[in-house]
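Colleague: In the order they appear, the protein sequences are chains A and B.
Mapping of the first sequence onto the working numbering: residues 158 to 572, in sequence order.
Mapping of the second sequence onto the working numbering: residues 59 to 141, in sequence order.
Quick reminder that beta carbons are idealized off the backbone N, C-alpha and C, glycines included.
Only a predicted model underlies this, so the values are computations on that prediction, with no experimental measurement involved.
Please find one structure pasted underneath; my questions will follow.
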Amino acid sequence: MAYSEKTRTAYQEDLKGIEDAGLFKKERFIHAPQNAEIEVEFPEGSALKSVINMCANNYLGLSGNQEVIDAAHAGLDSRGYGMSSVRFICGTQDIHRELEQKMTEFLGTEDTILFPSCMDANAGVFEAVLNEEDVMIADRLVHASIIDGMRLCKAMNDSYKHSDMKHLEKKLILHQDKRNRLIITDGVFSMDGDLAKLDEIVALAEKYDAMVFVDESHASGFIGRTGRGTHEHCGVLGKIDIVTTTFGKALGGASGGCVSGRRELVELCRQKARPYLFSNTVAPVIVSGTLRVMEIVSGSTERRDKLEENTTYWRQLLDDAGFDVKSGDSPIVPVMLYNAKLAQDVATDLFAEGIYAVGFFFPVVPQGQARIRTQLSAAHEKHHLDKAIAAFTTVGEKYGILGLGKQELIEKFGM
Amino acid sequence: MEDIKETVLEYVQDEYLEEDDDREVEMDTPLISGGIVDSFSMVSLKRFLENKYGIQIPDSDATPEAFDSVEKIAVLVERFLDA
Ligand SMILES: Cc1ncc(COP(=O)(O)O)c(C=O)c1O
């Protein structure tokens with residue numbers, strides 16, 4: 158027997174180590190579609206509790222949207238449940254190509270290829286388009302899936318300090334002798350909610366002959382005047398060489414992702430990207446639902462406008478109540494607490510008050526940067542946010558944190 | 059040797075510490091085992107040294123151990139300067 162008692166004990170100790178470090182993650186069971194208000198079973202076995210959801214990536218409120226559900230049903234009836242094949246054998250339907258064309262148009266690129274997820278897109282794209290003669294220069298706060306993708310690629314890797322354009326420029330100069338330079342960044346950074354300076358990045362790329370890669374997972378559908386993303390916000394539509402994004406957040410929230418960009422780079426992914434070649438095609442039901450999502454977001458800015466209003470309103474409420482909030486232009490609004498235990502305690506108390514928000518601490522964010530990350534949705538109504546701020550205020554008073562700035566919070570609770 | 063140490067120290071401080079960083083780097087601070095330089099970004103440190111001193115450090119010598127402090131890095135550079 159290979160899984161001996163000794164082996165089992167060793168793994169149990171690994172798990173205990175995670176628990177002892179306070180890093181053990183427990184899932185909460187939601188007995189409803191994703192929405193602004195949900196019924197949650199937590200801890201396991203307890204009665205259902207109705208809470209306001211402040212931690213979903215359901216930015217546009219489309220995850221439980223009836224039109225999207227109807228389109229998914231229609232797709233299920235007309236194109237079936239599964240394809241039982243990767244794309245290049247017999248897994249490509251007309252609607253897969255239709256969604257790719259729709260994304261190309263929406264993102265303002267030359268071509269698009271679907272992936273099972275954006276994690277897979279990021280895991281596959283670098284290896285498909287770069288080799289030993291190239292260099293990847295990434296912002297130090299890029300998403301974990303990008304780091305994994307860079308590890309799988311033979312090109313040299315380097316990094317620049319978060320959004321530090323002087324540092325990026327130094328790196329571009331250092332690597333002038335490489336065949337290709339690829340600058341890599343998130344459009345919206347998921348932990349801080351800040352936006353990449355894509356206008357400056359594109360200018361540097363032009364000056365130093367580099368390509369630009371942007372992960373738009375937390376931007377597609379709502380950042381920019383018509384929701385096309387960070388490149389629209391920064392006025393550089395059409396100038397990004399590789400965009401990756403997910404259908405698993407604002408764009409319906411089911412699953413799937415894509416690489417969109419220069420025609421040759423997309424074609425290289427179709428020929429070479431391993432998560433594309435060796436993983437099953439996106440299910441027709443998801444493609445059909447996402448096509449409807451893209452019609453909705455291309456047809457009207459109503460949802461992204463409401464999201465923006467909600468964000469402004471929520472930021473103001475937090476500010477007025479005296480919380481230390483990271484500033485930014487996205488619906489990711491981090492309430493800074495700095496101390497990990499405090500972040501966990503506040504999140505637990507918020508849940509008791511009917512607010513579902515999660516504390517983030519090391520290693521997800523740097524040491525001493527613990528926070529509650531709140532995320533807005535177009536599904537939120539003002540009354541949800543009013544109720545949420547009442548709960549935040551009650552909990553804030555309990556810990557005596559209202560009105561305290563960074564230094565005061567750190568003095569009172571430690572890092 | 060002192061010159062090399064100073065140059066490497068300055069580069070490491072500049073490259074890996076943030077402006078409001080509470081950590082400090084000195085000549086013998088463990089860089090990789092201390093979590094200041096991850097093995098991922100060691101590549102650019104190696105490239106900096108090679109460009110700066112006009113040397114080639116083979117991958118087999120560019121180990122995490124050899125890069126673990128400013129002092130050790132200076133020893134390594136010196137070895138290839140002499141070679
Ligand atoms: C920036 C970023 N990229 C990629 C992903 C992965 O997306 P997917 O869920 O489609 O794999 C995420 C989601 O966590 C993300 O935040």
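#1: Among residues of its own chain, excluding the 5 on either side of residue 563(A), which ones have a beta-carbon nearer than 8 Å to its beta-carbon?
#2: Between the beta-carbon of residue 400(A) and the beta-carbon of residue 379(A), is there less than 9 Å?
#3: Taking its Cβ as the centre, do 16 or more other Cβ atoms sit within 10 Å of residue 59(B), making it buried, or is it exposed?
#4: With a threshold of 8 Å (Cβ to nearest heavy atom), would residue 279(A) be considered close to ligand 1?
#5: Quick one: is the Cβ of residue 451(A) within less than 8 Å of any heavy atom of ligand 1?
#6: According to a CB-to-CB cut-off of less than 7 Å, which residues of the segment 92-104 of chain B neighbour chain A?
#7: Can you list, in chain order, the residues of its chain whose CB lies under 8 Å from that of residue 324(A), leaving out five sequence neighbours each side?
#8: Have a look at the DSSP bridge pairing and note the partners of residue 317(A).
#9: List the endpoints of the continuous beta strand (DSSP E) containing residue 265(A).
#10: What are the partner residues of residue 372(A), as DSSP defines its beta bridges?
#11: Between residue 138(B) and chain A, is there a C-beta pair that is closer than 9 Å?
#12: Whole angstroms is fine: what's the gap from residue 86(B)'s alpha carbon to residue 79(B)'s?
#13: Tell me the rounded alpha-carbon separation between residue 426(A) and residue 462(A).
#14: Determine the DSSP secondary structure at residue 494(A), reduced to helix, strand or coil.
#15: Using a Cβ cut-off of 9 Å (strictly closer), state whether residue 80(B) contacts chain A.
#16: Give me the residue from 402(A), 446(A), 521(A) and 438(A) with the minimum Cα distance to residue 276(A).
#17: By Cβ distance below 6 Å, which residues in the same chain neighbour residue 355(A) in space, the five residues on each side in sequence not counted?
#18: Tell me the DSSP bridge mates of residue 531(A)?
#19: Along chain B, in chain order, which residues have C-beta atoms closer than 7 Å to that of residue 313(A)?
#20: Kindly list, in the order they appear in chain B, the residues whose Cβ is closer than 8 Å to that of residue 318(A).
#21: Sorted by chain position, which residues of the same chain lie with C-beta nearer than 7 Å to residue 75(B)'s C-beta, five sequence neighbours on each side aside?
Modeller: Let me lay it out:
#1: Locating residue 563(A) in the first sequence gives position 406, where the first residue counts as 1. Excluding sequence neighbours, residue 563(A) sits near 481, 493 and 495.
#2: In the first sequence, residue 400(A) corresponds to position 243, counting from 1. In the first sequence, residue 379(A) corresponds to position 222, counting from 1. No.
#3: Taking the first residue of the second sequence as 1, we reach residue 59(B) at position 1. Exposed, because fewer than 16 other Cβ atoms sit within 10 Å of the Cβ of residue 59(B).
#4: Counting from 1 along the first sequence, the entry for residue 279(A) is found at position 122. Yes, ligand 1 has a heavy atom inside 8 Å of this Cβ.
#5: Counted from its first residue, the first sequence places residue 451(A) at position 294. Residue 451(A) Cβ: outside cutoff for every heavy atom of ligand 1.
#6: 98, 99, 101 and 102
#7: The residue you call residue 324(A) lines up with position 167 of the first sequence. Cβ neighbours of residue 324(A) beyond the five flanking positions: 317 and 318.
#8: Mapped onto the first sequence, residue 317(A) falls at position 160. DSSP lists 296(A) as partners of residue 317(A).
#9: Your numbering for residue 265(A) matches position 108 in the first sequence. Per DSSP, residue 265(A) belongs to no beta strand (DSSP E) and is neither H nor E.
#10: Counted from its first residue, the first sequence places residue 372(A) at position 215. DSSP output for residue 372(A) lists 343(A) and 401(A) as bridge partner(s).
#11: Stepping through the second sequence from its first residue, residue 138(B) is reached at position 80. So, not an interface residue.
#12: Along the second sequence, read from residue 1 onward, the residue named residue 86(B) stands at position 28. Along the second sequence, read from residue 1 onward, the residue named residue 79(B) stands at position 21. Computed Cα separation, rounded: 18 Å.
#13: Position 269 of the first sequence, counting from 1, holds the residue named residue 426(A). Position 305 of the first sequence, counting from 1, holds the residue named residue 462(A). Going by the C-alpha atoms only, they are around 34 Å apart.
#14: To locate residue 494(A), count along the first sequence from 1; it is residue 337. Three-state result, residue 494(A): strand.
#15: Position 22 of the second sequence, counted from the first residue, corresponds to residue 80(B). It does: the Cβ of residue 80(B) has a partner Cβ on chain A nearer than 9 Å.
#16: Here the question's residue 276(A) lines up with position 119 in the first sequence. Looking at the Cα atoms, 402(A) is the closest of the given residues.
#17: Looking up residue 355(A) in the first sequence gives position 198. 387, 388, 391 and 393.
#18: As a first step, residue 531(A) must be located in the first sequence, where it is residue number 374. Looking at the DSSP assignment, residue 531(A) forms a beta bridge with 490(A).
#19: As a working mapping, residue 313(A) is identified with position 156 in the first sequence. The contacting residues are 101.
#20: Start at 1 with the first residue of the first sequence, and residue 318(A) comes out as number 161. Per Cβ cutoff of 8 Å: 76.
#21: Taking the second sequence and counting its residues from 1, the one referred to as residue 75(B) is at position 17. Contacts found: 81 and 83.
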